[in-house]
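Numbering (UniProt numbering), first residue to last: 1 to 630.
Backbone N, C-alpha and C fix where the C-beta goes; we use that ideal spot for every residue, glycine too.
Here the structure is laid out as structure tokens; the discussion comes afterwards.
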């Protein structure tokens, strides 16, 4: 046989992988259909398999085409990578690597670089070459020049497997796209779609980082879903999980009989609470693997943003650990310096390589500079979830109206630190699980007051500085908690209260997208000014949003059960202010009895520190928006 048994792969090809600089490792490792030159037969086609297992004593390729008996793979000199070219094998072949570890134990492993995998509970890797022809060029060109911080971002968080149970990527490409377009969200955020065998993990225990879950279809069918969303003008955010990985025997853990992707010391390499391993971010090959994975999703799958899960668990060595259960860094501190370096590297690299891409951190601590650029000493994320705002506001929401005056500060405190980071305001899946109750059921009192309060809260949220994120089902007030095993309760969206709430979200999204004052200066103090932050006795909050170019929107929200018939507010300009939203309107299943006849007139008068003032009607448990018309 006169062709290269390693399929043309050389140690030189792998140098970048070993020094941490190769960010397209998927092009070299994994299974790839290739054409080689044979001295006797000329061109021959087949598949090259390559896997990193530097401490393995031997690696065999077990596959359906060799009846799972195993073909010996060769070690590429000086690389720690085992490779084998198999003639005549192409897309659709099933395979695994049988690794004889340094500990003398054979372990059958799936390919860390596989693009496709069998449906659980089966787990073989599948040779797969994309044939997809993208049709989202207009979106991608626009993405490259868009500044996310100065653009509208209203995010609908979706668990694809249960939005409508049983739907495939192809079906979702029609139904989800139609629904999100109708609701007016600018983006969807997918909870992890990377392959995971355990459905109750919701995708946060990943076994195949480069493969979209096959329960819903093939990789190119996932591409089609992204493509259709882009064609509809909807951005796609993907939850990415570089913080930990599961201990399944056949996945990344103890890959070659040693701690290869993880730390050997469980004080550094395991999350005891979650029963998972922690990546060894200081290892160059692991860094290459993870950065390549991030780049793969934004470049090959056209994902617009990655929301990085559980960043706090990566930043701190003592995260959820007692004394003696963690190892300090070289300076004696609790910061994970290797993880910090990794996050800075992946953020900087993606922003440089893919114009318009966005990185979002789910980070729950006060770690400084999460959204500050790397060259200014920050982590380099574009946005950070505002967990403080979420916790404070949901705590306030759960109070009886009579007690809210004593907790008024919980709804205003977020403005104290608003400009320290670039924020997303998240009402995510985490807030409607594990006994926390659905959004509607967090609110006390009867059904009318529950829906009125939730409409007021969403109006508060859409008018507040920061991008919005709302988990599926929350837009129509689903009564039950999120359950990945069942579909959303779509039938309730036709009922009183639920239907009105869903219509409110639709109108909030439409108003938001059309009003630069509500998003253009989210990260600039010039875009926000309190009208009255201190009306605790009235449970009422009011402010003005501005775009810096003459557009002003006033937001007034009343969380008391009493209407305010003659509520005086200061405004930046005299003239007509049009009522563009009233959450008590009949179309939202409100009382339809506390409006402002479409507009109010502001007169020149010093009030609340403004140069003009108007007297307005504010509904009970309701919100009104006014736009300056001149």
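Boundaries of the beta strand (DSSP E) harbouring residue 600: 599 to 607, taken from the DSSP string. The residue from 433, 100, 440 with its alpha-carbon nearest to that of residue 257 is 100. Taking a C-beta distance under 7 Å as the contact criterion, residue 516 and residue 551 qualify as a contact pair. Looking at 270, 264, 232, the one whose alpha-carbon comes closest to that of residue 246 is 270. For residue 275, same chain residues with a beta-carbon under 7 Å away, outside a window of 5 residues either side, are 247 in chain order.
Nearest Cα to residue 346 within the set 55, 374, 15, 322: 374. Taking C-alpha positions only, residue 460 is separated from residue 412 by approximately 11 Å. Each residue's CA atom was taken as its position, placing residue 335 and residue 46 some 47 Å apart. DSSP places residue 468 within a strand segment (E or B) once states are collapsed to three. In the structure shown, residue 446 adopts coil according to DSSP, grouped into three states. Rounded to whole angstroms, the gap between the alpha carbons of residue 537 and residue 403 is 10 Å. Taking a cut-off of 8 Å for Cβ pairs, the region 179 to 193 and the region 251 to 268 do not touch, as fewer than three such pairs fall below it. In the displayed model, residue 594 falls within coil according to three-state DSSP, outside both helix and strand. The bridge partners DSSP lists for residue 361 are 308, 384. For residue 412, the uninterrupted alpha helix (DSSP H) run begins and ends at 409 to 412, by DSSP. With respect to residue 407, residue 396 sits close: the two C-beta atoms are nearer than 7 Å.
The continuous beta strand (DSSP E) containing residue 546 extends over residues 540 to 546.
For the 7 Å CB-CB criterion, residue 385 and residue 426 form a contact. Around the CB of residue 417, fewer than 16 other CB atoms lie within 10 Å, so the residue is classed as exposed. In this structure, the beta-carbon distance from residue 626 to residue 577 falls below 7 Å. Between residue 511 and residue 581, the beta carbon gap of about 6 Å places them in contact (Cβ cut-off 8 Å).
Residue 277 is a Cβ neighbour of residue 262, given a cutoff of 7 Å. Judged by DSSP secondary structure, residue 97 falls within the beta strand (DSSP E) whose first and last residues are 94 to 100.
For residue 569, there is no enclosing alpha helix (DSSP H); the residue is part of the beta strand (DSSP E) that begins and ends at 564 to 571. Selection 60, 11, 480, 97 evaluated against residue 80 yields 11 as nearest (Cα-Cα). Ranked by how close their Cα comes to the Cα of residue 296, the residues 620, 617, 28, 156 have 28 in first place.
Residue 630 sits exposed, since fewer than 16 C-beta atoms from the chains shown fall within 10 Å of its C-beta. Of 169, 421, 291, the smallest CA-CA separation from residue 366 is found for 421.
Just measuring C-alpha positions, the residue of 590, 583, 612, 615 sitting nearest residue 624 is 583. The DSSP-derived three-state label of residue 83 is strand.
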